[in-house]
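Single-structure report; data block below.
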Amino acid sequence: MSSLLYISLLLAVFISHHGATTEAAALEPVTDIYGGRLISGTKYYILPVVRGRGGGLTMSKPENKTCPKSVIQDQYEVSQGLPLEFSPSDKSRIIRVSTDLNFKFCAASVWNLDNYDEKTNQWFVTACGVEGNPGQATVDNWFKIEKYEDDYKIVFCPTVCDFCKVMCRDVGVFVQDGMRRLVLGDVPLKVMFKKA
Numbered sequence: 025m026s027s028l029l030y031i032s033l034l035l036a037v038f039i040s041h042h043g044a045t046t047e048a049a050a051l052e053p054v055t056d057i058y059g060g061r062l063i064s065g066t067k068y069y070i071l072p073v074v075r076g077r078g079g080g081l082t083m084s085k086p087e088n089k090t091c092p093k094s095v096i097q098d099q100y101e102v103s104q105g106l107p108l109e110f111s112p113s114d115k116s117r118i119i120r121v122s123t124d125l126n127f128k129f130c131a132a133s134v135w136n137l138d139n140y141d142e143k144t145n146q147w148f149v150t151a152c153g154v155e156g157n158p159g160q161a162t163v164d165n166w167f168k169i170e171k172y173e174d175d176y177k178i179v180f181c182p183t184v185c186d187f188c189k190v191m192c193r194d195v196g197v198f199v200q201d202g203m204r205r206l207v208l209g210d211v212p213l214k215v216m217f218k219k220a
């Protein structure tokens with residue numbers, strides 16, 4: 025009986041170790057255009073991989089709303105946009121794929137998913153969220169970076185709330201009155217990261 029217990033314990037240790045190794049491998053670090061790992065609290069530009077359709081990501085000019093700032097792609101290809109930082113929900117130093125992140129241009133400009141816009145049938149990304157406090161109250165403030173072909177894409181699919189029902193969609197671009205606004209959609213904006 026003791027040998028059966030020993031084998032069971034050995035098997036349990038092997039399975040738990042193998043599972044942890046597989047999970048860590050799946051969460052590879054996100055890298056910038058020079059191959060460096062993205063670090064929490066460091067400023068980066070988010071740039072489009074495909075050239076000829078606008079520049080880096082930035083914020084729009086104020087609109088007549090409570091939170092006036094939409095996240096947009098600069099219309100000028102030569103513009104790098106505004107630098108931003110990533111803050112992981114688990115407070116890790118290294119930014120990894122498939123982890124919940126706050127994207128913030130500055131302390132008062134954290135990305136969030138705005139209410140559904142019935143006029144355009146779009147879910148717009150704005151910069152009206154709050155940093156940190158993962159959970160139900162902040163579920164709309166968390167985005168992820170995912171591998172996409174040989175590059176990356178941004179995804180809205182937060183997992184900071186175990187019981188919240190959220191939709192999972194790619195972040196793409198919707199052109200409205202000449203402005204390239206970030207929205208949830210089926211065609212992702214393929215991106216790369218450059219240290220500011």
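When the letters of the sequence shown are read in order and numbered with the numbering used here, they come out as residues 25 to 220.
Using N, Cα and C, we set each Cβ at its ideal position, and we do this for glycine too.
If the criterion is Cβ atoms closer than 8 Å, does the pair T82 and L51 meet it? On the sequence shown, position 58 is the one that residue 82 refers to. On the sequence shown, position 27 is the one that residue 51 refers to. Result no, Cβ atoms of T82 and L51 do not sit closer than 8 Å.
Please give the ranges of any alpha helix (DSSP H) in the region 86–121, keeping only runs that are unbroken, at least 4 residues long and fully inside the region. As far as the region 86–121 is concerned, it has no whole alpha helix (DSSP H) run of at least 4 residues.
On the CB-based measure, 16 or more other CB atoms within 10 Å of its CB, does N126 come out buried or exposed? Here residue 126 refers to the residue found at position 102 of the sequence shown. Buried, because 16 or more other Cβ atoms sit within 10 Å of the Cβ of N126.
For S103, decide whether its Cβ has a neighbour in chain B, counting only Cβ atoms nearer than 8 Å. This model lacks chain B altogether, as it is built from one protein chain only.
In the DSSP output, what is W166 paired with across the bridge? To locate residue 166, count along the sequence shown from 1; it is residue 142. Paired residues: none, contrary to the question.
Which value, in whole angstroms, describes the spacing of the CA atoms of E101 and L71? Locating residue 101 in the sequence shown gives position 77, counting from the first residue. Locating residue 71 in the sequence shown gives position 47, counting from the first residue. Taking the Cα positions, E101 is about 9 Å away from L71.
Straight-line gap, A151 to T66 (C-alpha atoms, nearest Å): To locate residue 151, count along the sequence shown from 1; it is residue 127. To locate residue 66, count along the sequence shown from 1; it is residue 42. In this structure, the alpha-carbon of A151 lies about 18 Å from that of T66.
What did DSSP end up calling Y30 once you bin it into helix, strand or coil? Taking the sequence shown and counting its residues from 1, the one referred to as residue 30 is at position 6. Any reading at Y30 must be qualified, since the residue scores a pLDDT of 44, below 50, and its modelled position is unreliable; the value itself is stated next. Of the three classes helix, strand and coil, the one that applies to Y30 here is helix, per DSSP.
Roughly how many angstroms lie between the CA atoms of V207 and D194, to the nearest whole one? Against the sequence shown, residue 207 aligns to sequence position 183. Against the sequence shown, residue 194 aligns to sequence position 170. Computed Cα separation, rounded: 8 Å.
Report the partner residues of I178 according to the DSSP bridge assignment. By 1-based counting over the sequence shown, the position of residue 178 is 154. BP columns for I178 point to I169.
Residues that Q200 bridges to, as DSSP identifies them: Taking the first residue of the sequence shown as position 1, residue 200 is located at position 176. Beta-bridge partners of Q200 (DSSP): M203.
Would you please state the rounded distance, in angstroms, between the beta carbons of R204 and Q104? I believe it to be under 8 Å. Here the question's residue 204 lines up with position 180 in the sequence shown. Here the question's residue 104 lines up with position 80 in the sequence shown. The beta carbons of R204 and Q104 sit about 15 Å from each other, so the pair does not count as a contact at 8 Å.
Among W135, S64 and E170, which residue has its Cα nearest to the Cα of D164? Numbered from its first residue, the sequence shown carries residue 164 at position 140. Comparing Cα-Cα distances from D164 to each of W135, S64 and E170, the minimum goes to W135.
Bounding residues of the beta strand (DSSP E) (the contiguous stretch that carries K219): If you number the sequence shown from 1, residue 219 lands on position 195. Counting along the chain, the beta strand (DSSP E) containing K219 begins and ends at V215 to K219.
Collapsed DSSP secondary structure at A132 in the structure displayed: Position 108 of the sequence shown holds residue 132. In this structure, A132 counts as coil in the three-state DSSP scheme.
Have a look at the DSSP bridge pairing and note the partners of P72. Position 48 of the sequence shown, counting from 1, holds the residue named residue 72. Bridge partners of P72: V215.
Checking the sheet assignment: what are the DSSP bridge partners for V195? Translated into positions along the sequence shown, residue 195 becomes position 171. For V195, the pairing in a beta bridge is given by DSSP as L208.
Contact set for V121: own chain, Cβ-Cβ below 7 Å, skip 5 residues either direction: In the sequence shown, counting from the first residue as 1, residue 121 sits at position 97. Excluding residues within five positions, the ones whose Cβ falls inside 7 Å are L51, E52, V54, I169, E170 and K171.
Using only CA atoms, which one of P158, Q200, G202 and D175 lies nearest to D286? The requested residue 286 does not occur in the structure, where the chain is confined to residues 25 to 220.
In three-state terms, what does DSSP make of M25? Walking along the sequence shown from the start, residue 25 turns up at place 1. Residue confidence is low: M25 scores 46 on pLDDT, short of 50, so the model does not pin down where it sits. No coordinate-derived value is stated.
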